[in-house]
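Following: one structure in structure tokens, then a few remarks.
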Amino acid sequence: MKIIVAGTGYVGLVHAAVCSEYGHEVYAYDNDVNKINAFSNGQAEEIEKYVNEPGLVNIIKETLGKYLFFSTDLGAIIEGADAIFLCLPTPPNPNDGSTNLVFYDAAVEDIAEIAAKRNDENRIVFVNKSTVPIGTARHLQDIMNAHEVKNFGVSSNPEFLAEGTAVEQARKPDRVVVGCDHESDFKILRRVYSQFVNHVRIKYIETTPETAEAIKYVANTMLLTYISFWNGVGAKIGERFPNVKIDDLRLGVTSDDRISTWGSFVSNGAGGSCFGKDIASLIYQLRSVNVSTKMLEASYEVNEYQKVYLVERAIAEAGFKFNNKTVAVLGLAFKKHTNDMRDASSIKLIESLLGKGVAKVKAYDPLAIESAKHAFSPSKNILFEKIEYYETAKEAIEGSHALFISTDWEEFRGLSRTIEEAARPPYLVMDGRRMIPDFEDIVTKGYTYLAVGAMVMK
Ligand code: NAD
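In the numbering used here, the protein residues as written are 8 to 465.
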């Protein structure tokens, strides 16, 4: 099949790479010339500057120039294409949480104009991989019709990948959801995804475009609600009732096959570019059809508060005064194995610390320093001038009065020794990820340990 992937971000680049691995002729297209140049080079460093996913560089190196091509010129590659996958940004409107379709629409208008000039007569399917509100495939169809594009179909094929394991998941997804109106379009997508059709484990689900769009929102909202349940209920029980051990509580509850282990690890909230924006968008969509959204609002609010509440607990329960203090923040990316800072919990956390009068934040992340510098640009918030970046956790801790673990990088599990080497008690350890299994050792040496899901230990 000849496939075009429009938008080479996390979703588009991984989709393009994995499709090329299966022998499709794939053209990845973006309007960002720098990105396309970097990817066309096939150099690991250049690619990883934009999308850092395990296994991705290897695929690109293997298929580049054989099955995988990059371009900024859609007109030059569109002839003969069977499908165009739209992997475009769909950020939230900050005022009401609705989905901002400005970038999506701009790209689709350009694509429609070019598609209308095609010389070939074969059927082409425009496939939404972006997360878009229920009904957007219809909107896509209207734009194509307005430009008089011939012989086309529209489809919704939402993406479910999780960053950090995106390649693995694209190769072996739990399910592939394809929403189309016409059998001819289902047929084209069955050929694109032939390795998943009739698979023994992977569910290949064919439905209407609207159902496919809804599946994505309900799935992400469910996942965030489950995380919020553990943070809002499980963690609070561990923090308020003496002798309740949160890890045992979690194990006992999730031993029931009906209850997921995923999402039960209490934390300083879930970040990332999807959960928050998708639940906010679904709230907006449901309100617009007069459905009560109380439960979803609660999930959203619990998650947002979770990002800063250890700071509040440090004041209330550990008696810590943040004014003029130096705080080390370990882990900046929204989760481990990625350099993605979009909506990372560390952003709200650092804003909160600086708002409490912290004089200096000493930040460390194994992968995300460069993207963090962009996220914490003083032009976005003048207080961000007070952030300094370090190359090791130890350097960040040295000279600080307290530390906060915000991302679950494995290396933080061995942190108690580093803390002892780099900081003397009294010293406050705020553990947003419950990463220090031997915390009792440092507590007996005079350090104060405050973790999500447990009472303060000093
Ligand atoms: P991204 O911002 O990383 O990538 C979007 C790409 O689109 C960028 O490379 C940008 O340059 C390009 N683009 C923007 N306007 C364009 C235009 N007019 N023409 C051509 N290219 C254009 O976004 P992403 O994280 O890949 O997400 C894409 C979509 O997939 C979003 O709707 C998102 O909600 C959804 N999604 C993301 C994830 C995730 O984990 N990142 C997972 C599932 C679904």
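Glycine included, each C-beta is placed from N, C-alpha and C at the ideal position.
- For Leu75, the uninterrupted beta strand (DSSP E) segment begins and ends at 75-78.
- Assignment of Asn388 by DSSP, reduced to helix, strand and coil, places it in the coil class.
- No Cβ-Cβ contact shorter than 7 Å links Glu86 with Asp37.
- The ligand NAD approaches Cys94 closely enough that one of its heavy atoms is under 6 Å from the residue's Cβ.
- Nearest to Leu435 by C-alpha distance, out of Thr425, Lys465, Met442, is Lys465.
- In this structure, Gly14 has its beta carbon less than 6 Å from a heavy atom of the ligand NAD.
- In the DSSP secondary-structure assignment, Phe92 is bridged to Val12, Val134.
- Setting aside the 5 residues that flank it on each side, Ala242 is surrounded in the same chain by Val273, Val459, Gly460, each with a C-beta closer than 6 Å to its C-beta; the list follows chain order.
- Looking from the CA of Pro249, the closest CA among Val33, Ser235, Val463, Tyr29 belongs to Val463.
- If you draw a straight line from the Cα of Leu258 to the Cα of Thr268, it comes to about 8 Å.
- Under the three-state reduction of DSSP output, Pro216 falls in the helix class.
- The beta carbon of Ile222 sits closer than 6 Å to those of Val184, all from its chain and outside the five residues before and after it, given in chain order.
- Counting every other CB atom within 10 Å of its CB across the protein chains shown gives Val40 a total below 16, marking it as exposed.
- In the three-state reduction of the DSSP assignment, Tyr371 falls in the strand class.
- The region 71-84 makes no contact with the region 230-240, as fewer than three CB pairs between them are under 8 Å.
- In the three-state reduction of the DSSP assignment, Met437 falls in the strand class, which pools E and B.
- For Arg294, the enclosing alpha helix (DSSP H) covers residues 282-294.
- Inter-residue distance for Gly270 and Asn227 is about 12 Å (C-alpha atoms, whole angstroms).
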